[in-house]
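Residue numbers (our numbering), protein chains in the order written: chain A, 1 to 246; chain B, 1001 to 1246. Beta carbons: idealized from backbone N, C-alpha and C, even for Gly. Predicted model only: the values in this text are computed from it and were never measured. Since the structure comes first, as structure tokens, the remarks are kept for the end.
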């Protein structure tokens, strides 16, 4: 496996066709995609292209947002956005809100980001990252006449351990969860731990290359693996009843 | 960045010198380590070399182990080992025990594994994976006359999401947590999410190559990054008071 970073994209703005922009950038660097390549894209540019950057001055907080703002010390307009983007608030305290987003991700601030946006603006996560991945995949496959996988990722904190890792918010053309049930170990016993979160591991691989300032290298090509398949990023989500730590 | 898998090692047994075995295997394949390479090793072979495979017939369960065996349906001798390897049991139920291990990892069964060991045996995690990483590093650095990073990893489940990802149990010669405080975004604002769990992201990268049957490819070389530094895997552990999900 090896990775090809793609940096120096133009600043992405609402309405941009990301597939086309990535294709142009690749060709300008004489990088040609081949079948089996996995194109990993940070959600940061997907959100921008999809117009998910909000001017906080347009947001009128509800009473609930003011209340949660009082608990957390966060801007009530930001809290209002977090509430709109969440199904459920799981934890809140001094300067933090952990929630279950409308898309099923558990993270801080509903994934809303104020880095790399203009002052008084906030960037929401893409509405449907699987669909965003499919859109990019279709365009790149047509431009390069190949079969690809595409993953939309974010860098996310987690319980128990410091530091963020990459998580797959959306994917297309790959199997997010590799099922090893039925495989045998070296003593021919069936393996018990049977699922590897391939899409999240690939997201963490790209996360190393992107770093936290993912707008500088917003796209990483991962080449030399064979994880073509079907599935969506929500295959990775545990339901509440399956989860011991909610 | 690219990865070089190293498979077909001899079966590892107690007392084996892993650094020497890895070095011999690399040289026999004409793979020469270069400075900056990160050598990722599955804990499965580290534990075996360190004699951490236990014959369950030698284990006498305590009353507490019998009690927890009643709750979980697990073999009381295995439960006894889990208790010995744990500081604290966090969750237990039908066929599962989640604990905080003596080393500070939160995972199922205290990381005790019955795959790839003889019947009626169980394999514990290494006692001190940072030290194991340092030992392997010293031997490989001397053999190849280079500066290396070494990470000992396991494939571990997690809250909220299905599938296992790679986690760093021990490391030497690399910075496990990349601190970006003070770095600026493209609008020159300081970044807020400031730490990337590089060692865990590298562990997940190797996890893709190793798969769950990590004894077939127990070592992966990651080349082309620059994460030389100091630190230990425990830098990645949140203390209980810093953790919202315990």
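Endpoints, alpha helix (DSSP H) assigned at residue i
i	result
residue 68 of chain A	63 to 72
residue 155 of chain A	Per DSSP, residue 155 of chain A belongs to no alpha helix (DSSP H); it is in the beta strand (DSSP E), 149 to 156.
residue 1134 of chain B	1129 to 1144
Test: residue i CB closer than 8 Å to a CB of chain A
i	result
residue 1205 of chain B	yes
residue 1031 of chain B	no
residue 1078 of chain B	no
residue 1177 of chain B	yes
residue 1012 of chain B	no
residue 1238 of chain B	yes
residue 1133 of chain B	no
residue 1254 of chain B	One cannot answer for residue 1254 of chain B here, as it falls past the ends of chain B, which runs 1001 to 1246.
residue 1195 of chain B	yes
residue 1229 of chain B	no
residue 1098 of chain B	yes
residue 1211 of chain B	yes
residue 941 of chain B	The structure shown does not extend to residue 941 of chain B, since chain B spans only 1001 to 1246, so no value can be given for it.
residue 1091 of chain B	yes
Helix, strand or coil at residue i according to DSSP, with G and I counted as helix
i	result
residue 166 of chain A	strand
residue 179 of chain A	strand
residue 1003 of chain B	strand
residue 1026 of chain B	helix
residue 235 of chain A	helix
residue 1123 of chain B	strand
residue 228 of chain A	strand
residue 1012 of chain B	coil
residue 1217 of chain B	coil
residue 112 of chain A	coil
Bounding residues of the beta strand (DSSP E) (the contiguous stretch that carries residue i)
i	result
residue 202 of chain A	Careful: residue 202 of chain A lies outside any beta strand (DSSP E), inside the alpha helix (DSSP H) at 198 to 210.
CB contact below 8 Å: residue i versus chain B
i	result
residue 208 of chain A	yes
residue 125 of chain A	no
residue 200 of chain A	yes
residue 3 of chain A	yes
residue 16 of chain A	no
residue 232 of chain A	no
residue 75 of chain A	no
residue 144 of chain A	no
residue 243 of chain A	yes
residue 106 of chain A	yes
* Do the segment 1197 to 1206 of chain B and the segment 229 to 239 of chain A make contact, defined as three or more Cβ pairs closer than 8 Å? -> A contact is defined here as three or more CB-CB pairs under 8 Å, and the segment 1197 to 1206 of chain B fails this definition with respect to the segment 229 to 239 of chain A.
* Taking contact to mean at least 3 C-beta pairs separated by less than 8 Å, is the segment 3 to 16 of chain A in contact with the segment 219 to 229 of chain A? -> Taking one beta carbon from each stretch, the segment 3 to 16 of chain A and the segment 219 to 229 of chain A have 3 or more pairs nearer than 8 Å; the two touch.
* Would you call the segment 1123 to 1142 of chain B and the segment 1044 to 1061 of chain B touching, i.e. three or more CB-CB distances under 8 Å? -> Segments in contact, yes.
* **the segment 1072 to 1086 of chain B contacting the segment 1031 to 1041 of chain B, beta-carbon criterion three pairs below 8 Å** => Judged by pairs of C-beta atoms under 8 Å, the segment 1072 to 1086 of chain B does not touch the segment 1031 to 1041 of chain B, as fewer than three such pairs exist.
* Complete alpha helix (DSSP H) runs within the segment 29 to 106 of chain A (minimum length 4 residues, chain order) -> Whole alpha helix (DSSP H) segments, 4+ residues: 43 to 49, 63 to 72 and 76 to 84.
* **Contact between the segment 1060 to 1067 of chain B and the segment 1170 to 1178 of chain B (3+ Cβ pairs under 8 Å)** => Contact between the segment 1060 to 1067 of chain B and the segment 1170 to 1178 of chain B is absent, because fewer than three Cβ pairs lie under 8 Å.
* Segment contact flag, the segment 148 to 156 of chain A with the segment 205 to 212 of chain A, C-beta cutoff 8 Å, min 3 pairs -> They touch, by the three-pair rule.
* Decide if the segment 132 to 143 of chain A is in contact with the segment 100 to 118 of chain A; the criterion is three or more beta carbon pairs, one per stretch, under 8 Å apart. => Inter-segment contact for the segment 132 to 143 of chain A and the segment 100 to 118 of chain A is absent: fewer than three beta-carbon pairs are separated by less than 8 Å.
* Given a limit of 8 Å on CB to CB distance, which residues of the segment 147 to 173 of chain A reach chain E? -> Of the chains in the structure shown, none is chain E; the protein chains are A and B.
* Segment contact, 8 Å Cβ cut-off, at least three pairs: the segment 99 to 109 of chain A with the segment 78 to 90 of chain A -> Yes, they touch.
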